[in-house]
Amino acid sequence: MVTTTAAADPAADSPPLAETIRGLGPLVLDWVDLRRRMLRTPGVQVAVRVGDELLISGALGTADAEASLPLTTAHLFRIASHSKTFAATTVMRLVARGELRLDDTVEQHLPELAGTPLADRTVRELLGHQGGVIRDGDDCDYWQLMRPFPDAAALGAELHQDDAASFDRNLHFKYSNYGYSLVGAVIERVTGRPFADAVRAEILDVLDLPRVHPDLGGADGPDPGELAAGHSLLLDGDDHHFVLDNPATGAMAAATGFVACAEDLSAYAAAHVMGDERLLDDSDKRLMQRTESIVTVEGTEQGRYGLGLELHTVGERKLVGHSGGFPGFVTRTFVDPQDGLVVSVLTNASRGPAHELAVGIVKLIDLARRTPINDPSDPADDPAGLPLWTAAGFGRTVVARLGRRLMLLHPDQEDPTADAIELTVEAPDRLRMAERPGFGSAGEPVLIARSEGADPAAGAVDHVRVGGMTTWPEAAFRARRREQMGRSARPGASDRLTEPGP
Numbered sequence: 001m002v003t004t005t006a007a008a009d010p011a012a013d014s015p016p017l018a019e020t021i022r023g024l025g026p027l028v029l030d031w032v033d034l035r036r037r038m039l040r041t042p043g044v045q046v047a048v049r050v051g052d053e054l055l056i057s058g059a060l061g062t063a064d065a066e067a068s069l070p071l072t073t074a075h076l077f078r079i080a081s082h083s084k085t086f087a088a089t090t091v092m093r094l095v096a097r098g099e100l101r102l103d104d105t106v107e108q109h110l111p112e113l114a115g116t117p118l119a120d121r122t123v124r125e126l127l128g129h130q131g132g133v134i135r136d137g138d139d140c141d142y143w144q145l146m147r148p149f150p151d152a153a154a155l156g157a158e159l160h161q162d163d164a165a166s167f168d169r170n171l172h173f174k175y176s177n178y179g180y181s182l183v184g185a186v187i188e189r190v191t192g193r194p195f196a197d198a199v200r201a202e203i204l205d206v207l208d209l210p211r212v213h214p215d216l217g218g219a220d221g222p223d224p225g226e227l228a229a230g231h232s233l234l235l236d237g238d239d240h241h242f243v244l245d246n247p248a249t250g251a252m253a254a255a256t257g258f259v260a261c262a263e264d265l266s267a268y269a270a271a272h273v274m275g276d277e278r279l280l281d282d283s284d285k286r287l288m289q290r291t292e293s294i295v296t297v298e299g300t301e302q303g304r305y306g307l308g309l310e311l312h313t314v315g316e317r318k319l320v321g322h323s324g325g326f327p328g329f330v331t332r333t334f335v336d337p338q339d340g341l342v343v344s345v346l347t348n349a350s351r352g353p354a355h356e357l358a359v360g361i362v363k364l365i366d367l368a369r370r371t372p373i374n375d376p377s378d379p380a381d382d383p384a385g386l387p388l389w390t391a392a393g394f395g396r397t398v399v400a401r402l403g404r405r406l407m408l409l410h411p412d413q414e415d416p417t418a419d420a421i422e423l424t425v426e427a428p429d430r431l432r433m434a435e436r437p438g439f440g441s442a443g444e445p446v447l448i449a450r451s452e453g454a455d456p457a458a459g460a461v462d463h464v465r466v467g468g469m470t471t472w473p474e475a476a477f478r479a480r481r482r483e484q485m486g487r488s489a490r491p492g493a494s495d496r497l498t499e500p501g502p
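What follows is the structure in structure tokens.
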């Protein structure tokens, strides 16, 4: 099931990026839902915006697979390590007001940790995962929901142990949830408020986001009925999802506790775009977004990190943001700080494809923004019924308008733009693939055959021939495939779908 939130009517002076994205909404949501079904993911929320304008929003699949509860755009997801961006942003606001310094040490604000291996770690080192702090403690089976997440007393006890630091300061990038739990404790000590209250005052109230919550439970937590269910990991193709418990995260909320819907998460993320100074001025945002660590393992770069933000490159875009992984949930947000693009994808299954889907959405947007190879076809000449989805024995194809380009895509793939090829219109139902080198059918025609007696303008398609291969609307292809399977299963029939030639 798909539910969508309609975006506002475009203003006359909308920027080109927003115009492009607005036209891609149906294609983006259809592709996300296809990948969701192919990867057996119960539910996916998507939000795409430019600055303060929400351009695409959708909810696909189910909020609870066991209860067959349809997912909506209002359901709340665990966004897990996105929490680190909220904690880091709160720290930067305190720094801007002179209430905290990035070079302050842990023991300056948490004197109870004096004499421990973590006493000399600085706030900046914690934000950039350069403090060498143990990742999740000696017994982190709370991630398997075998026991509660640590409370302040349990966390404090572990941080007093000799192995609370795995490395010396600034020796290696070492991702640490305990390190960010320490950041949360510092925020509490500096502000004199519980972490949730501090973040609400510093961020959520400023941005008017009352449905973003720093954790479950308590007076600040959401109504349980608002939550999407998290679903278990699929070990293999024969496994089945089941619904997982959804606990509070105790003293680890600054590392992993937050819940939000995609629309609200993207609205928060937009405050990290340059020129938006509701939370931070641009100089502070540049500091957060600067490369603090290049993570290289055995000569291969694994990623980059700033202060509370992951740094990514997709195509030519330099993106910041974060991922999140929690039992039953995987999430991803990308922000382009320069042109204001924000993409948030939330999934409610362990090992859900949030990163893959977010990257694919960015690539679709950028494909649509490229200058056409040939003179662009007039959209008024486009075949009726676009985007036009068809299927054949080798997978699906889709003909769609992406910005000024008419394209043939292969949407079964993780990257929906892989092997995409531009089309020109030669006649209402005759298209031509661009000339280029490759292993496919470049330069050949794409012919659309309408149902007998149908008006071409009505869009009723019988089949499409792509480089000589016939493809059908998916319902028709599935029916043909069932017929083929039935023929091969009859007594005495050949095991082949077609009889062999001479």
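Residue numbers are given in the UniProt record's numbering: position 474 of the sequence shown equals residue 474, and the series is strictly consecutive.
From the three backbone atoms N, C-alpha and C, an ideal C-beta is built for every residue, glycine too.
Beta-carbon separation of R37 and V44 under 7 angstroms?
no
State the DSSP-derived secondary structure class of H82, mapped to helix, strand or coil.
Per DSSP, reduced to three states, the secondary structure at H82 is coil, with no helix or strand assignment.
Residues bridged to T333 by DSSP?
H322, S344
Within the same chain, show all residues whose beta-carbon is closer than 7 angstroms to that of H109, passing over the 5 residues directly before and after it, in chain order.
V186, R189, V190
I'd like the span of the beta strand (DSSP E) that includes G61, first residue to last.
53-64
Classify S283 as buried or exposed, calling it buried when 16 or more other Cβ atoms lie within 10 Å of its own Cβ.
exposed
Does Q289 come out as helix, strand or coil in the three-state DSSP assignment?
helix
What's the gap between the Cα of R204 and the Cα of P210?
With the sequence shown as reference, residue 204 is identified as Leu, and Arg is not the correct amino acid for it. If I take the Cα positions, the gap works out to 7 angstroms.
Whole-angstrom Cβ separation of L265 and N246, contact assumed at under 8 angstroms?
About 17 angstroms; that fails the 8 angstroms criterion.
On the DSSP letters alone, give me the boundaries of the beta strand (DSSP E) that I448 sits inside.
445-450
Taking its Cβ as the centre, do 16 or more other Cβ atoms sit within 10 Å of I294, making it buried, or is it exposed?
Exposed, by the Cβ-count rule.
With burial defined as no fewer than 16 other Cβ atoms inside 10 Å of the residue's Cβ, what is the status of L357: buried or exposed?
buried
I need the DSSP call for M146, collapsed to helix, strand or coil.
coil
For P117, which residues in the same chain have their Cβ closer than 6 angstroms to its Cβ, ignoring the five residues on either side in sequence?
A164, A165
Within this structure, are the beta carbons of I134 and Y178 separated by less than 7 angstroms?
yes
Going by the beta-carbon positions, is the gap between F329 and R78 smaller than 7 angstroms?
yes
Give the DSSP bridge partners of W389, in chain order.
Paired residues: V398.
P10 to L171, Cα distance in whole Å?
Low confidence applies here, because P10 scores a pLDDT of 35, under 50, leaving its location unreliable; read the following figure in that light. The straight-line gap from Cα to Cα measures roughly 50 angstroms.
Write down the C-beta distance between A260 and L207 rounded to the nearest angstrom, noting that I regard them as a contact closer than 8 angstroms.
A260 to L207, Cβ: 11 angstroms. No contact.
Who are V133's beta bridge partners in DSSP?
Note: V133 sits in a beta bridge opposite A165.
Does the Cβ of D215 have 16 or more other Cβ atoms within 10 Å, making it buried, or fewer, making it exposed?
Buried is the call here.
What residue ranges within the region 258-307 form continuous alpha helix (DSSP H) runs of no fewer than 4 residues, ordered along the chain?
262-269, 282-289
Would you identify the three-state DSSP class for Q484, choosing helix, strand or coil?
DSSP places Q484 in helix when its eight states are reduced to three.
The beta strand (DSSP E) spanning residue 503 covers which residue range?
Since the first residue shown for the chain is 1 and the last is 502, residue 503 is missing from the structure and cannot be characterised.
In chain order, which continuous runs of the beta strand (DSSP E) of length 3 or greater are located wholly inside the region 16-50?
Counting only runs that start and end inside the region 16-50, the beta strand (DSSP E) elements of at least 3 residues fall at 43-50.
Where does the unbroken alpha helix (DSSP H) through L244 begin, and where does it stop?
Note, L244: premise wrong, no alpha helix (DSSP H); not H, not E.
Where does M92 land, buried or exposed, given buried means 16+ other C-beta within 10 angstroms?
buried
Starting from T191, trace the alpha helix (DSSP H) both ways and give me its first and last residue.
177-191
When burial is assigned at 16 or more other CB atoms within 10 Å of the CB, is H213 buried or exposed?
buried
Could you tell me which residues DSSP pairs with M433 in its beta bridges?
DSSP lists L423 as partners of M433.
Do S57 and A47 have their C-beta atoms within less than 7 angstroms of each other?
yes
DSSP state of H231, grouped into three classes?
strand
For the putative contact between V345 and V314, defined by C-beta atoms under 8 angstroms, what is the C-beta separation to the nearest angstrom?
Contact flag wrong, Cβ pair sits at about 13 angstroms.
Please report the straight-line C-alpha distance between A80 and V123, rounded to a whole angstrom.
21 angstroms
Quick check: what's the CA-CA separation for L159 versus L311?
29 angstroms
Excluding the 5 residues flanking Q302 on each side, which residues of the same chain have their C-beta closer than 8 angstroms to its C-beta?
V295, T296
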